[in-house]
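Novice:
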Amino acid sequence: MKLTIVGCSGSFPGPASPASCYLLTAHDGVRPWRVLIDLGSGALGAAQKYMDLEDIDAIFLSHLHPDHCMDLCGLHVAVRWSPNGWNRDRIAVWGPAETADRLATAYGLELDPGMHEEFDFQNWQEREAVTVGPFKVTPYAVNHPVPEAYALRVEVTEYDGTGLDRTAVMTYSGDTDSCQGLEDAAQDANFFLCEAAFQEGRDDAINDVHLTGKRAGEAAARANVKRLLLTHIPVWTDTNTVVAEAKEVYSGDVAAAVAGVHYTI
1 MKLTIVGCSG
11 SFPGPASPAS
21 CYLLTAHDGV
31 RPWRVLIDLG
41 SGALGAAQKY
51 MDLEDIDAIF
61 LSHLHPDHCM
71 DLCGLHVAVR
81 WSPNGWNRDR
91 IAVWGPAETA
101 DRLATAYGLE
111 LDPGMHEEFD
121 FQNWQEREAV
131 TVGPFKVTPY
141 AVNHPVPEAY
151 ALRVEVTEYD
161 GTGLDRTAVM
171 TYSGDTDSCQ
181 GLEDAAQDAN
191 FFLCEAAFQE
201 GRDDAINDVH
211 LTGKRAGEAA
221 ARANVKRLLL
231 THIPVWTDTN
241 TVVAEAKEVY
251 SGDVAAAVAG
261 VHYTI
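The sequence shown runs 1 to 265 under UniProt numbering.
1) Between residue 54 and the rest of its own chain, which residues show a CB-CB distance below 8 Å, the 5 nearest in sequence each way excluded?
2) With respect to the alpha helix (DSSP H) encompassing residue 241, which residues constitute its N-terminal and C-terminal limits?
3) By the three-class DSSP mapping on this structure, what secondary structure does residue 80 have?
4) Do residue 143 and residue 176 count as a contact pair if the criterion is CB distance below 8 Å?
5) In this structure, how does DSSP classify residue 7 when only helix, strand and coil are distinguished?
6) Taking DSSP as the reference, what is the three-state secondary structure of residue 50?
7) Under 8 Å between the Cβ atoms of residue 193 and residue 62?
8) For residue 232, tell me which candidate among 213, 220, 219, 106 has the shortest Cα-Cα distance.
9) If I measure Cβ to Cβ from residue 99 and keep anything under 7 Å in the same chain, skipping five residues before and after, which residues do I get?
10) From the DSSP output, read off the bridge partner residues of residue 177.
11) Check the DSSP bridge columns for residue 32 and list the partner residues they point to.
12) Could you tell me whether the Cβ atoms of residue 132 and residue 57 are closer together than 8 Å?
13) Counting only the same chain and skipping the five closest in sequence on each side, list residues whose C-beta sits under 8 Å from that of residue 117.
14) What would DSSP say about residue 68, mapped onto helix, strand or coil?
15) Out of 5, 186, 246, which one is the CA nearest neighbour of residue 137?
16) Is the beta carbon of residue 96 less than 8 Å from the beta carbon of residue 259?
17) When you compare each of 239, 179, 223, 182 to residue 196 by their alpha carbons, which one comes out closest?
18) Any idea what DSSP makes of residue 226, helix, strand or coil?
19) Tell me the rounded alpha-carbon separation between residue 114 and residue 129.
20) Three-state secondary structure (DSSP) at residue 120?
21) If I follow the unbroken beta strand (DSSP E) through residue 99, where does it start and stop?
22) Residue 183 by DSSP, collapsed to three states: which one?
23) Which term fits residue 35, buried or exposed, when burial requires 16 or more other beta carbons within 10 angstroms of its beta carbon?
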């Protein structure tokens with residue numbers, strides 16, 4: 001499984017990165033499959049550096065704040081109005097129950113048909129896995145001030161023909177403060193892509209919104225993850241500070257996400 005950081009800026013696009021968007025690529029033995037996790041503000045343009053929009057097999061939304069979903073409005077335009085036509089079926093979009101109506105309202109559309117002609121909207125059911133090509137994705141409810149927010153556990157099994165099959169696991173925190181759902185989603189993951197929007201000392205009075213680097217590190221340690229990559233770091237949060245916080249409590253490999261960087265999981 002290959003991870004590409006399309007966008008990793010927290011809360012709104014920064015000068016060096018769009019808001020949250022992550023491209024996952026895996027092969028099922030027949031063809032490569034490409035899915036996007038979140039499609040936040042400014043991410044649609046950057047995503048086209050790495051793929052043709054018609055190659056999107058599915059989109060998985062962690063929650064409905066604009067920095068995680070709003071560029072679906074632009075993708076709606078690309079699907080509906082391309083002069084060359086859209087040469088694939090509707091794009092499957094998995095998200096909270098309000099996803100279809102929220103996006104239609106954002107674009108000023110009537111709720112019926114809204115964007116249903118371009119997207120095949122499916123609603124998350126907590127801890128019920130969905131499968132798209134080689135990807136198995138399971139949503140875990142987490143601690144963020146919206147009606148539905150999820151961490152996503154993504155599993156891909158590689159079949160090498162020798163019987164030594166290997167399952168790679170990546171967990172994405174979405175936006176959350178500390179909670180059991182986050183740790184359950186990340187349990188024994190090979191790769192933990194975890195938000196760290198807050199800093200210790202500066203944001204102590206704000207609860208149930210975001211993690212600090214320290215709290216992200218604590219979750220990684222309790223979940224026994226193999227590698228921690230901090231993301232969703234806003235322009236006013238110092239990257240070196242949150243990485244240092246995480247290293248105080250987590251002994252594994254820690255780094256911060258940078259737009260355009262690729263990882264093999």
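Where is the CB? At the ideal position from N, CA and C, for every residue including glycine.
Specialist: The structure says:
1) Against the sequence shown, residue 54 aligns to sequence position 54. Closer than 8 Å at the Cβ level, and outside the excluded window around residue 54, lie 86, 87, 88.
2) Taking the first residue of the sequence shown as position 1, residue 241 is located at position 241. Counting along the chain, the alpha helix (DSSP H) containing residue 241 begins and ends at 239–249.
3) In the sequence shown, counting from the first residue as 1, residue 80 sits at position 80. Here DSSP, grouped into helix, strand and coil, assigns residue 80 to helix.
4) Counting from one through the sequence shown, the residue named residue 176 turns up at place 176. Counting from one through the sequence shown, the residue named residue 143 turns up at place 143. At the C-beta level, residue 176 and residue 143 come within 8 Å of one another.
5) Against the sequence shown, residue 7 aligns to sequence position 7. The answer is strand: DSSP assigns residue 7 an E or B state.
6) Within the sequence shown, numbered from 1, the residue matching residue 50 stands at position 50. Residue state, collapsed to three classes: coil.
7) Indexing the sequence shown from 1 puts residue 193 at position 193. Indexing the sequence shown from 1 puts residue 62 at position 62. No; because the gap between Cβ atoms is not below 8 Å, this pair is not in contact.
8) In the sequence shown, residue 232 corresponds to position 232, counting from 1. The option with the nearest alpha carbon to residue 232 is 213.
9) Working through the sequence shown from its first residue, we reach residue 99 at position 99. Contacts found: 61, 64, 93, 121.
10) Translated into the one-based positions of the sequence shown, residue 177 becomes position 177. Looking at the DSSP assignment, residue 177 forms a beta bridge with 143.
11) Residue 32 sits at position 32 when you count from the first residue of the sequence shown. Answer by DSSP bridge pairing, in chain order: 27.
12) The residue given as residue 132 occupies position 132 in the sequence shown. The residue given as residue 57 occupies position 57 in the sequence shown. Between residue 132 and residue 57, the gap from beta carbon to beta carbon is short of 8 Å.
13) What you label residue 117 is simply residue 117 of the sequence shown in a count that begins at 1. Hits under 8 Å: 80, 90.
14) Translated into positions along the sequence shown, residue 68 becomes position 68. DSSP, read as helix, strand or coil, puts residue 68 in helix.
15) Numbered from 1 along the sequence shown, position 137 holds the residue referred to as residue 137. When each option's Cα is compared against that of residue 137, the closest is 186.
16) Along the sequence shown, one-based indexing puts residue 96 at 96. Along the sequence shown, one-based indexing puts residue 259 at 259. Against a cut-off of 8 Å, the Cβ pair of residue 259 and residue 96 comes out as no contact.
17) Start at 1 with the first residue of the sequence shown, and residue 196 comes out as number 196. That would be 239, whose Cα lies nearest to the Cα of residue 196.
18) The count along the sequence shown starts at 1 and reaches residue 226 at position 226. Reduced to three states, the DSSP call for residue 226 is coil.
19) What you label residue 114 is simply residue 114 of the sequence shown in a count that begins at 1. What you label residue 129 is simply residue 129 of the sequence shown in a count that begins at 1. Note on geometry: alpha-carbon atoms of residue 114 and residue 129 lie some 27 Å from one another.
20) Position 120 of the sequence shown, counting from 1, holds the residue named residue 120. Looking at residue 120 - three-state DSSP - the assignment turns out to be strand.
21) Mapped onto the sequence shown, residue 99 falls at position 99. No beta strand (DSSP E) holds residue 99; the alpha helix (DSSP H) holding it covers 99–107.
22) The count along the sequence shown starts at 1 and reaches residue 183 at position 183. Helix, per DSSP.
23) By one-based count along the sequence shown, residue 35 stands at place 35. So residue 35 ends up on the buried side.
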